[in-house]
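Top line first, the protein sequences correspond to chains H and Z.
Residue 227 is where the first sequence starts when you use the working numbering, and the numbers rise one by one after that.
Residue 203 is where the second sequence starts when you use the working numbering, and the numbers rise one by one after that.
Glycine residues also receive a C-beta, built at the ideal position from the N, C-alpha and C atoms.
These figures come from a predicted structure and were not determined experimentally.
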Amino acid sequence: MAIIEIKGLEKTYQVYQKKEGLRSSLRGLFSREYKQVKAVQGIDLQIEQGEFVAFLGPNGAGKTTTLKLLSGVIHPTSGTATVLGYTPWQRDNEYRRRFALVMGNKNQLWWDLPAQESFRLHQQIYRIEADVFQNTLDELTDLLDLQDLLQQPVRELSLGERMKMELTAALLHSPEVLFLDEPTIGLDVVAQHNIQQFLKYYQQKRKITILLTSHYMKDVAALCKRVVIIADGLIKYDGSLEGIIKSTDQRKLITLQFRDAIDDSLLAALKKFGNVTDVETPRIKLTVTRDVVPRMLSTILDGYQVDDVVVEDPPLEDVIATVFSEVTAGRVQQIDDDEFESIGDGQGL
Amino acid sequence: MSWAIMNVGFYIIIFQFTNEIGAQTGWGKYEFFVFLATTWIINSIIQTFFMPNAQEFSELIRTGNFDFALLKPIDTQFIISFPRIDWSSLSTCMMGIGLLSYSLYQLMVVADVPLVLAWPVLFLYPLYLVCGVAIMYSVMISLAATSVWFGRNQTLYNFWFYLTNFSRYPMEIYKTGWGMGLWIAFTFFIPVLLVVNIPARFLARPLDGMTSADWQLAAFALCASIGSLFVSRRIFKRALRSYRSASS
């Protein structure tokens, strides 16, 4: 049975439309104009125990709203969802003891107190046995290298240290399901890497179920086998990361290092195969479709002296940006579970 | 401290011109100072334990940080009602106890007809202090919970001040003319008039002078405090259902 099961989940917000000017403000006291914003429009999703799933989408796609619905923070407009067999928005204490939500842009720790104090409060609220609490805290602080920071007021920690503390607080009660909403937002590459490594290790060790939203594709590539893309409140893709790259991006980036300077005839020849993006003679970069690569390389290597060739996939961020723009434009159709495998083979889209 | 001294000074000036607030209401100078002291004690308890948390609650709703309170496996109303304590506001409580002691001394020892406190008062006064705090807490948490619908409620705290201002004076002053409307509204619908009046009445005046109407009102105050807690709990729960968090 799935740990997380969502059926036809919808959340519509009524948003007040305030026009500028004093007259409009006064009119707003008597008659208000509201807009219906459909943040989540009937999504269906199943997540099995122990999965590490990335929840991707452009800003305003409905990712965070879905996490808040699954955490019971907000009530849905319609639809059903169960997590660990509980309906989240009934806010059952038993359920709240078994999951955690970490939001990268919000703090739950007391700002002016050392994190240790907040951890103690967590221990009481979650009714964690003293020895279990101490063991868990020791393990987490050891893994995240926080031993020397526990007595320091939270406001004096760096962003990366604070996020580690937030993760520690969230994991103290050993949740079975973890919702991570952009946990590496604003962190430098080292801090991002540390958090990724920790999450990877912790998930594999504890076999917990994690649903992650992130705009950093490195997080996704490092941690998640399964990717769910949401746009305009609808699930547009559900499959592997490789699958979506193959399915939606047919490009390759090619860098050629010639022995001699690049002349006009060579440039014209290269332009026949693809889009030249950068020329720093004798080096040139171009983007070509996958099927053109063998023919192009054969032609160029036969006719010119080439010192070095690099063929690579486009950066993941570019691929996902393309996917987001396509799904937003409606070119990628909603995909049901039956097509899941075919997407992975690059045939679904 | 200075505010309290000015407050007492103001009423001392008034009592230079009159012996009691309203003819035959029973609220003479020291009876009224018992009333004033009771007001201070109740207000200081509210300001020490509940006011900072209610203000914080509104801010949590506005910023979306209320999300974290909803995640905790503990009663949400409890967790937002008690996290902060403003100990400095307890000084008003100390002054209230001082003023109360002095006024009782005047009434029980110095007065021509000394007041005799019946023993049930020792139980009734603290009981109705608790009832008063419960009513005030209920009004405060209900007002704070409306932040869920209004987003920001700075003016609601002004509203809280105006509303509770009615509780600062003996209810007899409202029982005439158009004041009757206020007396009915703030006794039976938003029962802030009962908050100070009932406990102060028990302490400042002889128990055997209580009329059946006084006893009925005291019984109603007990019900009103339980009812207020119940209604505020319903409002709070309704607010939780409507909570929409804030964009991240």
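Residue i (DSSP reduced to helix, strand or coil)
i       : result
L292(Z) : helix
E236(H) : strand
R388(H) : helix
S344(H) : helix
Q559(H) : Caution is warranted here: a pLDDT of 46 is assigned to Q559(H), below 50, making its placement in the model unreliable, and no coordinate value can be reported.
S257(H) : coil
G211(Z) : helix
E468(H) : helix
F259(Z) : helix
S447(Z) : coil
G570(H) : Residue placement at G570(H) cannot be trusted, given a pLDDT of 33 that sits under 50; what the coordinates show is reported in the next sentence. In the structure shown, G570(H) sits in a helix (DSSP, three-state: H, G or I).
N285(H) : coil
V446(H) : helix
L437(H) : strand
Y242(H) : strand
K439(Z) : helix
A484(H) : The sequence given here has Phe at residue 484(H), not Ala. Three-state DSSP puts F484(H) in a strand.
Y371(Z) : coil
Q272(H) : strand
E552(H) : helix
A420(Z) : helix
A356(H) : helix
D528(H) : helix
Own chain partners of residue i with C-beta closer than 8 Å, once the 5 adjacent residues on each side are dropped
i       : result
V514(H) : R477, K478, I480, F499, G500, N501, M522
V341(Z) : W362, L365, T366, I392, V394, S430, S434
Y428(H) : L369, L397, I434
G381(Z) : I375
Partner residues on chain Z for residue i, Cβ-Cβ distance less than 7 Å
i       : result
H301(H) : R443
Y239(H) : R446
L327(H) : L273
Nonlocal neighbours in the same chain, by C-beta distance under 6 Å from residue i, ignoring five residues either side
i       : result
D533(H) : Q483, R485
D562(H) : Its pLDDT being 41, under 50, D562(H) is placed unreliably by the model, and the measurement read from it follows with that caveat. Counting only Cβ-Cβ distances below 6 Å, and skipping sequence neighbours, we find nothing.
C295(Z) : I243, S246
T378(Z) : none
Y445(Z) : V350
S304(H) : E236
R509(H) : Q483
A336(Z) : S427, L431
Beta carbon proximity, residue i to chain Z, threshold 7 Å
i       : result
N319(H) : yes
D571(H) : The predicted position of D571(H) is uncertain, since its pLDDT is 34 and thus under 50; a value taken from the coordinates is nonetheless stated next. So no, D571(H) is outside the interface.
K426(H) : no
Q262(H) : no
Q378(H) : no
Q334(H) : yes
K294(H) : yes
S568(H) : Note that S568(H) has pLDDT 33, beneath the 50 cutoff, so the model's placement of it is unreliable and no number is given.
7 Å Cβ cut-off: residues of chain H touching residue i
i       : result
P275(Z) : N319, R322, R323, I351, Y352
L272(Z) : G298, V299, R317
Residues near residue i in its chain [Cβ-Cβ closer than 7 Å; skip 5 each side]
i       : result
R323(H) : Y352, H399
Q240(H) : Y260, Q262
R286(Z) : P254, N255, E258
L409(Z) : A320, P322, V323
F368(Z) : L384, F388, V394, L395
Any C-beta of chain H under 7 Å from that of residue i
i       : result
D269(Z) : yes
Closer than 8 Å at the beta carbon, the chain H residues around residue i
i       : result
G266(Z) : K332
Neighbour flag for residue i against chain C, beta carbons, 7 Å
i       : result
G465(H) : No chain C appears in the structure shown, which is made up of the protein chains H and Z.
Strand pairing of residue i, partner residues [DSSP]
i       : result
S304(H) : E236(H)
P541(H) : Answer by DSSP bridge pairing: none, since P541(H) is not bridged.
V394(Z) : Per DSSP, none; premise fails for V394(Z).
T513(H) : L479(H), N501(H)
V454(H) : F281(H), D464(H)
K264(H) : T238(H)
P379(H) : P340(H)
F325(H) : V403(H)
W230(Z) : Checking the displayed sequence, the identity of residue 230(Z) turns out to be Gly instead of Trp. E222(Z), per the DSSP bridge assignment.
E506(H) : R509(H)
I230(H) : I273(H), V309(H)
D534(H) : Q483(H)
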